[in-house]
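Heads up: the sequence lines are chains E and C, in that order. Reading the first sequence from the start, the letters are residues 1 to 330 in this note's numbering. Reading the second sequence from the start, the letters are residues 1001 to 1536 in this note's numbering. Yeah, the Cβ is synthetic: ideal placement off N, Cα and C, and Gly gets one too. Below you'll find the structure, written out as C-alpha cells, and then a few comments.
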Amino acid sequence: MKAFLNFLLATVVVASAGAKEIKLLNVSYDPTRELYTEYNAAFAKYWQAKTGDSVNVSQSHGGSGKQAQSVINGLEGDVVTLALAYDIDAIATQAKLLPADWQKRLPNNSTPYTSTIVFLVRKGNPKGIKDWDDVVKKGVSVITSNPKTSGGARWAYLAAYAYALEKNNHDDAKAKEFIKLLYKNVPVLDTGARGSTVTFAQRQIGDVLLTWENEAHLALKEFGADKFDIVTPSLSILAEPPVAVVDKNTKRHKTAEIANEYLKYLYSDEGQEIAAKNFYRPRNEAVAAKYAANFNAVKLVTVDQEFGGWAKAQKTHFADGGTFDLIFHP
Amino acid sequence: MSQLKAAKAKCKTVSVMKTKQIKQLVLTAVTGAQLTLSALAADDAATGTNGAAQVEVSAFAADGSGGNLSDAAEIKLLKQQLQVLIEKVNALEQQRATPQQSATIQDLDQRIKILARQRELDQESAAALAKTQPKLSVGSGGLTASSADTNFVFSLKGVMQVDSRTFFGDTAVRSNDGFLLRRARPIFQGTLYRDFDFRFTPDFGGSSVQIYDAYGNYRYESWLQLRAGKFKTPEGLEQLQEDINTSFNERSLVTDLVPNRDVGLQLWGLINDGVLTYAAGVFNGVGDARNSSNSSFENNVEFAGRLFVQPFKKSDIAALQNFGFGVAGTTEHDAGTASALPSTTGGVLPGYTTDGQQQFFAYNPTAGVVLANGQHWRLSPQSYYYYGPFSLLSEYAISDQAVSKGAAKADLQNTAWQISGGWVLTGENASFNGVTPLHPFNPRGGQWGAFQIVARYAELNIDDDAFPVFSNPDTSASAAKAWSAGLNWYLNRNIRFNTSYSHTTFTGGGGAGAAAPATVTRQSEHVLFTRIQLAF
C-alpha cells in the first residue's frame, strides 16, 4: 500500500511540475474574428516567452447582445470583448459575474480601440450615396443588422439618429421620422454585423451596407476592392467596444491573472498595432499616426454626449417598446 | 442563383440574336425597296400599300420568287407575307428589354435574393431557437424534461416490485405466505442550475408511506460533491446497490448489520472517473438495517466513511476493469436508546431477519428492556468482480454495539458475511448496475431477453455475550446460515422476473413461543420467492 501511495504521489508531482497549458475563452462580437485570431496568436507567443506557459484562446462570436445573453445564461467566457458597454453592464447587473464598475479597471474606459460606422456601397456607387440623406431616399436598399441583437446595428442606428438630430436642430420627432424612413429601406435584418456583410457582399442584396469601419475594410480585403467602395458620411458615432474580465468565470477556471494580462496586452504597442492593422482605431497615438491613412476624417459624436449614455439610449431606443419597436415593422 | 444567371445570359443571347435578325431583315428590305421602288410606284394609289408594304414587296422581289405570278396575285401574296413579317417584327420588338424592363428584372432579382436570404435567416433563427427549447424524452430511462442547455433536468422514474413468498415446512408459522407489493416508488430526480442534483423517493409499498430518498447534491466536480438530506449511509456494498439491480429479491444477512437510509450530510466524489470512490458523512445515526425517521433529535451523531477502489478500471486489462474492493465504517456513541438497535422488521423487538424477512434474533431477554448504550461501530470490507456474464460480490460486516439492560452492560460484536455469484446464460455482461438484454423480449422476432442464474451463501453470527442477558437463547438464534439460488429473467431494461429459493438454518433458538423469533427458529426456513419488477 505504501508503495502504491508513493507511486500516486510521484505521479501527481510529475504531472504538476511541467509548463502549464492554459485555456481561455474570449466571448466577442461579430466582426472581431480576424482581429482576435491574429491577436491571440501574438499574445500566446508573448505569454509563452514571458512565463513558459502555453495559452490557447478560444473565440466565440455573434451579435453583441446575443453574446452577452449567452454569458448571462452560462457561457463561461473568461473575457468578454463586446461591441458596447451596455452589453457588459448587462452581464454585471443581471448575472453579477463582474463588478458594476468594471469599466474603471482598464484605461480609456476599458476600450483599447475604437471604431465608427461607415457605408459600404457597390463599386462606382451607382446610387450616388454620399451621406445619410441618400440612405433614406426611396428606392435605396439598405442593409444593416438588428439593433436588438447586434451592437454594430445599435451604433449604426444611433449614428443615423445623431445625424438627423443635428440636421433638424435636435427635433426628436423629425429624427424619428428620418430613422423610420431609413429602416423602411431595410429589406432584411441579420442578427449580427457579420451576417449583414454576408447579405450585402456575398448574397449581393442592397445598395448600401451600414457597418463598422473595420468590417467595411475587411469586406474590401476579402471580396476585392474592385467590388465595393467605402463612403464615410459627414457625421458618425464614436463606437467604443469595451473589454472586461469575467471575474467569476476566471475564478472558477483559475485564469484571473492571465485573463487580466490578456486584456492589458491589447494596450501594448503590439496589441495596438494589430488592432490598427485590422482597421480598428487605436488609442495609442503613435500607432494611430502610423495608420492614419486607413481612417477617413469624420465628425464623431459620442453616446454620452448625444444620447445621455448607453443605459438611457438602450431604454429609449432598443428596449421592448422603445423607438426601434415603434418605427420598424418588418 | 446560378440558374438565374444562366437564364439571364440565355435571354440576353436570344435578344442579341433577334436584334441581328431584325437588322438583317430591315437592311434587306431597304435595299430591295430601292431596287424595286420604281416598278411598284404606279400601283401605290390603287393598292393603298404603305411603306411597310413596299419594304415587304421589295424583300420578296429581291429574291425574284414572284416573277411568274400576275400582278394582283403577286401583290396579294406579298401583302400576306408582309403581314407575317410585321407580326414577327412586332414580336421581336416586344421581346427586346426596355430600360424599364431591365429595371424590373433587377428589382425581381433583388426580391428573389431577399426572399432567399430571409429564408436562410429564418432557418438560422429556427435552428437557434431549437437550441433554446426544452427537450422532452420518454424511454426506458423514464420521462425526462430538460432545458436546452441541460442545466435544468427533471426526471420521473419509478420502481414497482410485486413479490410472492411461499414458505415450506413451517407449520408453526402462520400467515407468512402470500403476495406483496414489496416496493412501489415513484422517483423524482433532476438537476437545477447545472450543479445541483436532487432526488425524492417515497415508497407506497409498505403498510405506510415512507420517504426513502430526499436529498440535494451539489456537484462542484464529479470528484467533489456534497449531499444533504436522507439517503443511504455509505456502508454496505449490497445495500448501496440499487434495489432494482440486486441478484435476489432480498439482500443477504450482511445487510442486517449495516444501516439503510439516514438523514445527514456527506462529502463524496469519484476520483479519476471512479477509480477511487470516497464518501465521508455525518448522520443522525440509525440502528442496523434501519431506515431512519425523518427527524431524530439526539446529542450524538454517527460518522460514516467509505473508500472503494477499482484499480484497473481505466487499464487495458478487460478482465480486471470491473474489479473493485473497499472498506466502509461507521461510529456513533449511543446514549441509551432503543432506536439505535437493529430494525424491528419481522418481529416486534429490535433484531435481525432472514432472507424471508422473518426475525430469527431479537433483543428479547426474559425480563427487562435492552438499549443501545455506548459505542456502536461497524466495519465492512467489501469487493466485487464482474467480467462478461460472470459476477461475484462479497462482503463482510462487523457491527459492534454496546448495549445495556438495567445495570448490565456488554459490548456485542455481531458479524456477517456473504458471497454471491451469477452467470448470464445469454451472454450479456453482468455489472453492479444490472444486466441489459442484448435481445429484448419479442417472441414474434424470436427474442427472449436475458437469463441469469445466481447463487449466494451468507452467515450471520450473534456475539455469544448477547445470551442470555440481552437475548433469550431459547427463542433467538445465535447464528443463521443461508444459501440461495435463483433464476432472473430480464425481458428488457424495464421488466424483470425473478424466482429464487432460499434455505436458512439456525443455531440456537427453537424453543417455545407464539411469535418471532421463536416461531421462526423452530425450523429451518425454506422459502420460494418470485418477483415481477417494473422499473423505468
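Where residue 1238 of chain C falls: helix, strand or coil (DSSP): Taking the second sequence and counting its residues from 1, one reaches residue 1238 of chain C at position 238. Helix at residue 1238 of chain C.
Looking at the strands, I want to know which residues DSSP matches up with residue 1161 of chain C. Numbered from 1 along the second sequence, position 161 holds the residue referred to as residue 1161 of chain C. Its beta-bridge partners are C:1183 and C:1533.
Here's a check: name, in chain order, each residue in its chain whose Cβ is nearer than 7 Å to the Cβ of residue 249 of chain E, leaving out the five neighbours to either side. The residue you call residue 249 of chain E lines up with position 249 of the first sequence. Excluding residues within five positions, the ones whose Cβ falls inside 7 Å are 76, 77, 78 and 97.
Return the chain-ordered ranges of every alpha helix (DSSP H) run that is complete within the stretch 130-209 of chain E and spans a minimum of 4 residues. 132-135, 151-167, 172-184 and 193-197
Interface partners of residue 1117 of chain C on chain E, CB under 9 Å: Here the question's residue 1117 of chain C lines up with position 117 in the second sequence. By Cβ distance, chain E contributes 187, 188, 190, 198, 199, 203 and 205.
Using the Cβ count rule (16 or more neighbours within 10 Å means buried), how would you classify residue 55 of chain E? Locating residue 55 of chain E in the first sequence gives position 55, counting from the first residue. Burial call: buried.
Cα-Cα separation, residue 1359 of chain C to residue 1466 of chain C: By 1-based counting over the second sequence, the position of residue 1359 of chain C is 359. By 1-based counting over the second sequence, the position of residue 1466 of chain C is 466. Answer to the nearest angstrom: the Cα atoms are 16 Å apart.
Going along chain C, which residues have a C-beta under 8 Å from residue 73 of chain E? In the first sequence, the residue the question calls residue 73 of chain E occupies position 73. Simply 1149.
So the candidates are E:252, E:280, E:235 and E:290; which of them puts its Cα closest to the Cα of residue 301 of chain E? On the first sequence, residue 301 of chain E is found 301 positions in, with the first residue counted as 1. The residue with the shortest Cα to Cα distance from residue 301 of chain E is E:235.
Nearest to residue 67 of chain E (by Cα), restricted to the options E:84, E:172, E:21 and E:44: Here residue 67 of chain E refers to the residue found at position 67 of the first sequence. Per the Cα distances, E:84.
By the 7 Å beta-carbon criterion, what residues does the stretch 128-144 of chain E contribute toward chain C? 141
Min CB distance residue 1131 of chain C to chain E below 7 Å: Translated into the one-based positions of the second sequence, residue 1131 of chain C becomes position 131. No, because no Cβ of chain E sits closer than 7 Å to the Cβ of residue 1131 of chain C.
Of the residues E:111, E:39 and E:33, which one's Cα is nearest the Cα of residue 241 of chain E? Mapped onto the first sequence, residue 241 of chain E falls at position 241. Nearest option by C-alpha distance: E:111.
Between residue 1304 of chain C and residue 1330 of chain C, which are expected to be in contact by the criterion C-beta below 8 Å, what is the C-beta distance as a whole number of angstroms? One-based indexing of the second sequence puts residue 1304 of chain C at position 304. One-based indexing of the second sequence puts residue 1330 of chain C at position 330. 4 Å between Cβ atoms; contact.
I need the straight-line Cα distance from residue 1161 of chain C to residue 1225 of chain C, nearest angstrom please. Counted from its first residue, the second sequence places residue 1161 of chain C at position 161. Counted from its first residue, the second sequence places residue 1225 of chain C at position 225. Using only the alpha carbons, I get a separation of about 31 Å.
Since I believe residue 1289 of chain C is in contact with residue 1260 of chain C (beta carbons under 8 Å), could you give me their beta-carbon distance rounded to a whole number of angstroms? Residue 1260 of chain C sits at position 260 when you count from the first residue of the second sequence. Residue 1289 of chain C sits at position 289 when you count from the first residue of the second sequence. The pair is a contact, with the Cβ atoms about 6 Å apart (cut-off 8 Å).
Nearest candidate by alpha-carbon position, reference residue 259 of chain E, set E:204, E:95, E:47 and E:270: What you label residue 259 of chain E is simply residue 259 of the first sequence in a count that begins at 1. The candidate whose alpha carbon is nearest that of residue 259 of chain E is E:47.
Going by CA-CA distance only, name the one from E:175, E:245, E:117 and E:225 that's closest to residue 212 of chain E. Position 212 of the first sequence, counting from 1, holds the residue named residue 212 of chain E. Checked all of E:175, E:245, E:117 and E:225; the closest Cα to residue 212 of chain E is E:117.
Looking only at its own chain, which residues have a Cβ that is under 8 Å from the Cβ of residue 44 of chain E, when we skip the five neighbours before and after it? As a working mapping, residue 44 of chain E is identified with position 44 in the first sequence. Cβ neighbours of residue 44 of chain E beyond the five flanking positions: 54, 55, 56 and 57.
Cut-off 6 Å between Cβ atoms - residues of its own chain near residue 1526 of chain C, not counting five sequence neighbours on either side: For the purposes of this step, residue 1526 of chain C is taken as the residue at position 526 of the second sequence. Only 1168, 1169 and 1503 meet the Cβ criterion.
So, does the CB of residue 1113 of chain C fall closer than 7 Å to a CB anywhere in chain E? Here residue 1113 of chain C refers to the residue found at position 113 of the second sequence. It does; some Cβ of chain E falls within 7 Å.
Distance between residue 177 of chain E and residue 1217 of chain C (C-alpha atoms, nearest Å): Within the second sequence, residue 1217 of chain C is the residue found at index 217, counting from 1. Within the first sequence, residue 177 of chain E is the residue found at index 177, counting from 1. Their backbone Cα atoms lie some 57 Å apart in a straight line.
Based on the DSSP output, what are the partners of residue 253 of chain E in its beta bridges? As a first step, residue 253 of chain E must be located in the first sequence, where it is residue number 253. Residue 253 of chain E pairs with nothing; no bridge assigned.
What's the gap between the Cα of residue 267 of chain E and the Cα of residue 257 of chain E? Against the first sequence, residue 267 of chain E aligns to sequence position 267. Against the first sequence, residue 257 of chain E aligns to sequence position 257. Looking at the two C-alpha atoms, the distance is approximately 16 Å.
Any idea if residue 1422 of chain C is buried or exposed, counting beta-carbon neighbours within 10 angstroms, 16 or more meaning buried? Position 422 of the second sequence holds residue 1422 of chain C. Under this definition residue 1422 of chain C is a buried residue.
Put residue 217 of chain E into one of helix, strand or coil per three-state DSSP. Residue 217 of chain E sits at position 217 when you count from the first residue of the first sequence. Residue 217 of chain E: helix per DSSP, three-state reduction.
Residue environment, residue 1220 of chain C, which counts as buried when at least 16 other CB atoms sit within 10 Å: Residue 1220 of chain C sits at position 220 when you count from the first residue of the second sequence. Residue 1220 of chain C should be labelled exposed.
So what does DSSP say about residue 1372 of chain C, is it helix, strand or coil? Indexing the second sequence from 1 puts residue 1372 of chain C at position 372. Three-state DSSP puts residue 1372 of chain C in a strand.
Output the boundary residues of the alpha helix (DSSP H) element that contains residue 1322 of chain C. One-based indexing of the second sequence puts residue 1322 of chain C at position 322. Here residue 1322 of chain C belongs to no alpha helix (DSSP H), and DSSP marks it neither H nor E.
What separation, rounded to the nearest whole angstrom, lies between the Cα atoms of residue 1362 of chain C and residue 1532 of chain C? By one-based count along the second sequence, residue 1362 of chain C stands at place 362. By one-based count along the second sequence, residue 1532 of chain C stands at place 532. One C-alpha to the other measures close to 31 Å.
Limits of the beta strand (DSSP E) - the one that residue 1400 of chain C falls within: Walking along the second sequence from the start, residue 1400 of chain C turns up at place 400. Run containing residue 1400 of chain C: 1390-1405, per the beta strand (DSSP E) assignment.
Could you tell me which chain E residues have their CB closer than 9 Å to the CB of residue 1110 of chain C, listed as they occur along the chain? Within the second sequence, residue 1110 of chain C is the residue found at index 110, counting from 1. Per Cβ cutoff of 9 Å: 141, 187, 204, 205 and 206.
Assess, as a yes-or-no matter, whether the stretch 1432-1447 of chain C is touched by the stretch 1402-1419 of chain C under the definition of 3 or more beta carbon pairs within less than 8 Å. no
Between which two residues does the beta strand (DSSP E) harbouring residue 1142 of chain C extend? Taking the first residue of the second sequence as position 1, residue 1142 of chain C is located at position 142. Per DSSP, residue 1142 of chain C belongs to the beta strand (DSSP E) from 1142-1146.
Determine contact between the stretch 1426-1437 of chain C and the stretch 1362-1382 of chain C, defined as no fewer than three beta-carbon pairs at a distance below 8 Å. no
Going along the chain, which unbroken runs of the alpha helix (DSSP H) with 4 or more residues stay wholly within the stretch 1184-1253 of chain C? 1237-1240
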